[in-house]
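K.L.:
Heads up: the sequence shown runs through residues 174 to 1251, numbered per my numbering. Where a beta carbon is used, it is the ideal one built from N, C-alpha and C, also for glycine. These figures come from a predicted structure and were not determined experimentally.
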Amino acid sequence: MAKMEVKTSLLDNMIGVGDMVLLEPLNEETFINNLKKRFDHSEIYTYIGSVVISVNPYRSLPIYSPEKVEEYRNRNFYELSPHIFALSDEAYRSLRDQDKDQCILITGESGAGKTEASKLVMSYVAAVCGKGAEVNQVKEQLLQSNPVLEAFGNAKTVRNDNSSRFGKYMDIEFDFKGDPLGGVISNYLLEKSRVVKQPRGERNFHVFYQLLSGASEELLNKLKLERDFSRYNYLSLDSAKVNGVDDAANFRTVRNAMQIVGFMDHEAESVLAVVAAVLKLGNIEFKPESRVNGLDESKIKDKNELKEICELTGIDQSVLERAFSFRTVEAKQEKVSTTLNVAQAYYARDALAKNLYSRLFSWLVNRINESIKAQTKVRKKVMGVLDIYGFEIFEDNSFEQFIINYCNEKLQQIFIELTLKEEQEEYIREDIEWTHIDYFNNAIICDLIENNTNGILAMLDEECLRPGTVTDETFLEKLNQVCATHQHFESRMSKCSRFLNDTSLPHSCFRIQHYAGKVLYQVEGFVDKNNDLLYRDLSQAMWKASHTLIKSLFPEGNPAKINLKRPPTAGSQFKASVATLMKNLQTKNPNYIRCIKPNDKKAAHIFNEALVCHQIRYLGLLENVRVRRAGYAFRQAYEPCLERYKMLCKQTWPHWKGPARSGVEVLFNELEIPVEEYSFGRSKIFIRNPRTLFKLEDLRKQRLEDLATLIQKIYRGWKCRTHFLLMKKSQIVIAAWFRRFAQQKRYQQTKSSALVIQSYIRGWKARKILRELKHQKRCKEAVTTIAAYWHGTQVRREYRKFFRANAGKKIYEFTLQRIVQKYFLEMKNKMPSLSPIDKNWPSRPYLFLDPTHKELKRIFHLWRCKKYRDQFTDQQKLIYEEKLEASELFKDKKALYPSSVGQPFQGAYLEINKNPKYKKLKDAIEEKIIIAEVVNKINRANGKSTSRIFLLTNNNLLLADQKSGQIKSEVPLVDVTKVSMSSQNDGFFAVHLKEGSEAASKGDFLFSSDHLIEMATKLYRTTLSQTKQKLNIEISDEFLVQFRQDKVCVKFIQGNQKNGSVPTCKRKNNRLLEVAVP
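1. Going by beta carbon distance, what residues of the same chain come within less than 8 Å of Ile1052, once the five residues before and after it are set aside?
2. Is Arg428 helix, strand or coil when you go by DSSP?
3. From Lys414, Tyr407, Asp352 and Leu445, pick the residue whose C-alpha is nearest to that of Lys397; which is it?
4. From His214 to Val448, what distance separates their C-alpha atoms?
5. Counting C-beta neighbours from all protein chains within 10 Å, is the total for Val1250 16 or more, i.e. buried, or is it exposed?
6. Buried or exposed for Trp829, please, with buried defined as at least 16 other CB atoms from any protein chain shown within 10 angstroms of its CB.
7. Can you check whether the CB of Leu652 is closer than 8 Å to the CB of Asn570?
8. Have a look at the DSSP bridge pairing and note the partners of Lys691.
9. Quick check: the segment 1146-1156 against the segment 1201-1218, are there 3 or more CB pairs under 8 Å?
10. Measure from the alpha carbon of Ile473 to the alpha carbon of each residue in Gly487, Ser498 and Glu484, then state which is nearest.
11. For the segment 770-857, which segments carrying the alpha helix (DSSP H) assignment without a break, of at least 4 residues, lie completely within its bounds, in sequence order?
12. How do the segment 332-343 and the segment 276-289 stand: do at least 3 beta-carbon pairs fall below 8 Å, yes or no?
13. What are the residues that DSSP puts in a beta bridge with Asp192?
14. Can you tell me whether Glu984 is buried or exposed? The criterion is at least 16 other CB atoms within 10 Å of its CB, across all chains shown.
15. Glu1106 lies in the beta strand (DSSP E); which residues open and close that run?
16. For Arg400, list the residues DSSP reports as bridge partners.
17. Express the C-alpha separation of Tyr251 and Tyr791 in angstroms, rounding to a whole number.
18. Run the CB neighbour count on Trp1036, radius 10 Å, all protein chains shown included, and call it buried at 16 or more, exposed below.
19. Compare the beta carbon distance of Met343 and Val555 with 8 Å and say whether it is the shorter of the two.
20. Can the beta-carbon of Arg376 be found closer than 8 Å to that of Ser412?
21. Ordered along the chain, which non-local residues of its own chain (more than five positions away) have a Cβ less than 7 Å from that of His1260?
22. Under the rule that 16 or more other beta-carbon atoms within 10 Å means buried, what is His896, buried or exposed?
23. For the alpha helix (DSSP H) that Leu362 lies in, which residues bound it at each end?
24. In angstroms, rounded to a whole number, what distance separates the CA positions of Glu442 and Ile433?
25. Whole angstroms is fine: what's the gap from Ile1098's alpha carbon to Leu1062's?
26. If we call anything under 8 Å between Cβ atoms a contact, is Ile1102 one with Leu1124?
27. Hey, Arg367 and Ala324: beta-carbon distance below 8 Å or not?
28. Tell me which residues share the same chain as Pro320 and place their Cβ nearer than 6 Å to its Cβ, disregarding the 5 neighbours each side in the sequence.
29. In whole angstroms, what separates the C-alpha of Tyr382 from that of Glu543?
30. Please classify Ser555: does DSSP put it in a helix, a strand, or coil?
31. Check whether the Cβ atoms of Tyr811 and Lys857 lie closer than 8 Å to each other.
32. Terminal residues of the continuous beta strand (DSSP E) containing Val1152?
33. Please list the terminal residues of the continuous alpha helix (DSSP H) segment that includes Val298.
34. Where does Ala657 fall in DSSP's three states?
35. From which residue to which residue does the beta strand (DSSP E) around Gln1215 run?
36. Could you please give me the residues that DSSP links to Asn1205 through a beta bridge?
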């Protein structure tokens, strides 16, 4: 048999008790203390068998990460600490592997975290099921249906900032592999009364605030809305803003979710138009008006709101106005029209708003179902998730609380039945004797409410349908007559006598003893809310709307389909829905999540024991534990049980060779556990009392400590032996290395001594040889000197007679030759650097060498200039040629020239090829651009300047607008005759054009530029290259410029400038343009 690898358990490192079935002793106080202890340690989940209790932490906890999902994936339910993922995994695996349809029932009061729990269940299932494009799309649509339904069905209440005001049941459909195919959503009892009135400290449905906060101005104008909440009577202002809630961001989330779910753009706009119409309905106000017959009639005060509603919905204004003022009653073939007073008009307005919103919500659910329904018709497995309102006990309980608590009674009934059924099935499956369990059966309470003859709902329907005056008081009287003797019903009518009053109850109230406690109901409004009446005139007006969605919401308004039969009441509809839900749940395997709210402040780390106690009572959690513990409190499969406790018995430790059941039997016999405390099933061991389990845990803990001590002892012995052997080995290695080092050091000393002795001997020998060589050299030199003098004497004697005639000349030539030779040798060592600008040159030693010295200086300078030029690239040669050209043109002529010498000529200053702004300009010019620079073009009329782009190409000179890049002027270079400028330190220059040319029609150009020298030089060289004629460069402080038909003198003067060192140009008269240069 393969060894089990169970390494963890619910019982490991347990804070408090993880499973309430194991709680000892079991009472209300220990139950609450155990929950509080776990809550204080951030353990918000606790089990009751297979039921999960979830306490809302009101803060984010790091227990829902992808790592946690993988940790609980495919694990046994009791293998890890309690978690909602464990229940989700158990349900999903049962559905996938055992082909059992599942349902997860999430209950609890408002603010307990039911909605978040349902999201966690769906997100876990989405994470662990299959992957693929289609599967991912289905998962995304299922998950994104939540934000849409929350926006339209959730609201901020005093207990919860995101309270679900409707019940939701979602069936998620899977294929045989466990991949989601789609889903179906059912909604129950939307709290539509919230649309027209909200209790203090609460808000209307989220979508109203999200629309006004997050919609664009364009959308608001289209819907005829304003962003100010105070403009709308249906929105409560005392809690319009919720801390930590961004309505604008949530609106964007809802729009995105609608798109993912499959809403078309026009559908989403139609939905928002209906929401806007509901908002604006609340602003319609009425005033009384007396008629001739003395009856009061209502009239609309301000018809502007009515007009905007009609424009939004496409209803004729007169039709809707009449529907608010008159009511038509049809009986067989007769029609009677009566006027509505102000109170009835307000009732009609609010009824229309509630019906319009409620029907829109039902349409949304149906529309989402169309998108998320399974597309294939193969057999499907189903997992249902029920997120429904919990038991509600308020100060003022009305019709809504009555039917909500009725639904919870039915859920409690099916919970007890299914739990007992599951227990009984497991006992039978494991061949354990089943004993009857006594428990409170709340069927009597359900019967009190739903009985078709004497039930409260039946009597309420009967009262609504009977002719005559029907009020809430007549309904209460009927209840007192029929139910006064019922043990779970109380009113002012005594149970013992019909003529004695129970003064402990207020008037117009009755009390029902629910399974969760007594609830006092205010009978006021029961009849109206059960009738849920919408006047037929309003239905018909809505059906006449040109707005497609609104028209579809009121099919009964179609005159061709008039049905005089009274529509079913709200109570009967809800009763039928609950019956359908119960029937659906009974066909599935149930899984329960009981949500508890720890405090009313929505704050973290606060545990209100009284509030939790109240919820424990009405959730029936203690009853649930008692049912679970009525037989055996704990059960576990043989393999993990043996794996966990095998160290307690020598025969099973460390490995058991036989079947796991036999090992468990040997183990329990060895521990001498009483036989009545346990029982062996087919695949599990059943333990009756939690004390037995805790005893096993204590023994296991002690045994683990003993084993740890043994392991420590063996480890320490092994560690010491290993350390000794390592030290011994290290000593041997160290000794060997030391001996080696000593021998190496001794050898180095011997070698060093030998080298010193050798060096001394070699030195002595070398010095001896050196002395001998020096002696030999002196002897040779002496002999050579003596021989030279002797030979000289002999030669002089022999040739003396020949030297006397030419001695002076020979000596002069010889001396001159030696002087020149010495001069050239000295010049070789005194040559200056190869830099052409180095003006240093060695001085001449003799006057007669002056011409030679100057010529040599000239030749050397030419040679080093040539060497310097040979280093230039073609680009550098061109630059220096331009600089040389500029020097010839402007040196000592233009005061601006010296400052331009050190500036490189770049030409393309604007980088037209790289700047996308000038793409149009670049495309218009096909030639190579030599200069691209922004210059100031001087206006011919007033002397003011305008920025222009100055472009020079091989054949043309162009001017373009700096902003648009549009070419303004184009001048061929052959039409340029002269360039004029002043001799001062300014950037003004004039370009003279050939008279009679097309470019000269407006006259010459006068520019100002920061790169005057470069532009004039390049213009001169380009003109010379293209026309083979030199361009005339005129430098004068006064020159004439042709402006259209006039010649204008441009005069440069010295002056103090207000704007610093910038020259200014001013038109003095028609013939003079004066430039002031600082």
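P.N.:
In brief:
1. Closer than 8 Å at the Cβ level, and outside the excluded window around Ile1052, lie Pro1077 and Phe1078.
2. Arg428 falls in the helix class under three-state DSSP.
3. Ranked by how close their Cα comes to the Cα of Lys397, the residues Lys414, Tyr407, Asp352 and Leu445 have Leu445 in first place.
4. Taken atom to atom, the span from the alpha-carbon of His214 to that of Val448 is near 45 Å.
5. Its Cβ being crowded by 16 or more others within 10 Å, Val1250 is buried.
6. Around the Cβ of Trp829, a 10 Å sphere holds 16 or more other Cβ atoms; the residue is buried.
7. Contact flag unset, no.
8. Answer is Gln686, bridged to Lys691.
9. With three or more CB-CB distances shorter than 8 Å, the segment 1146-1156 counts as touching the segment 1201-1218.
10. Nearest option by C-alpha distance: Ser498.
11. If we require 4 residues or more, the alpha helix (DSSP H) runs fully inside the segment 770-857 come out as 782-792, 794-802, 811-818 and 833-843.
12. Because the criterion of three Cβ pairs below 8 Å is met, the segment 332-343 and the segment 276-289 touch.
13. Bridge partners of Asp192: Tyr220.
14. According to the sequence displayed, residue 984 carries Ile and not Glu. Per the 10 Å Cβ criterion, exposed.
15. For Glu1106, the enclosing beta strand (DSSP E) begins and ends at Ile1102 to Ile1111.
16. Bridge partners of Arg400 according to DSSP: none are assigned.
17. Between Tyr791 and Tyr251, the C-alpha separation is close to 27 Å.
18. Label assigned to Trp1036: exposed.
19. Taking 8 Å as the Cβ cut-off, Met343 and Val555 do not qualify as a contacting pair.
20. A Cβ-Cβ contact shorter than 8 Å links Arg376 with Ser412.
21. Any answer about residue 1260 is impossible in this case: the structure gives the chain only from 174 up to 1251.
22. Exposed.
23. Note, Leu362: premise wrong, no alpha helix (DSSP H); not H, not E.
24. One C-alpha to the other measures close to 15 Å.
25. Those two C-alpha atoms are separated by around 30 Å.
26. Against a cut-off of 8 Å, the Cβ pair of Leu1124 and Ile1102 comes out as a contact.
27. No.
28. Within the same chain, Pro320 has close Cβ partners Thr426, Val427 and Ala430.
29. If you take the alpha carbons of Tyr382 and Glu543, they lie about 27 Å apart.
30. Note that residue 555 is Val in the sequence shown, not Ser. Under the three-state reduction of DSSP, Val555 is assigned to strand.
31. In contact: Tyr811 and Lys857 (Cβ atoms closer than 8 Å).
32. For Val1152, the enclosing beta strand (DSSP E) covers residues Val1149 to Met1154.
33. For Val298, the uninterrupted alpha helix (DSSP H) segment begins and ends at Lys287 to Val301.
34. Looking at Ala657 - three-state DSSP - the assignment turns out to be coil, as it is neither helix nor strand.
35. Glu1211 to Phe1216 is the extent of the beta strand (DSSP E) around Gln1215.
36. Among the bridge pairs identified by DSSP, Asn1205 is matched with Lys1151.
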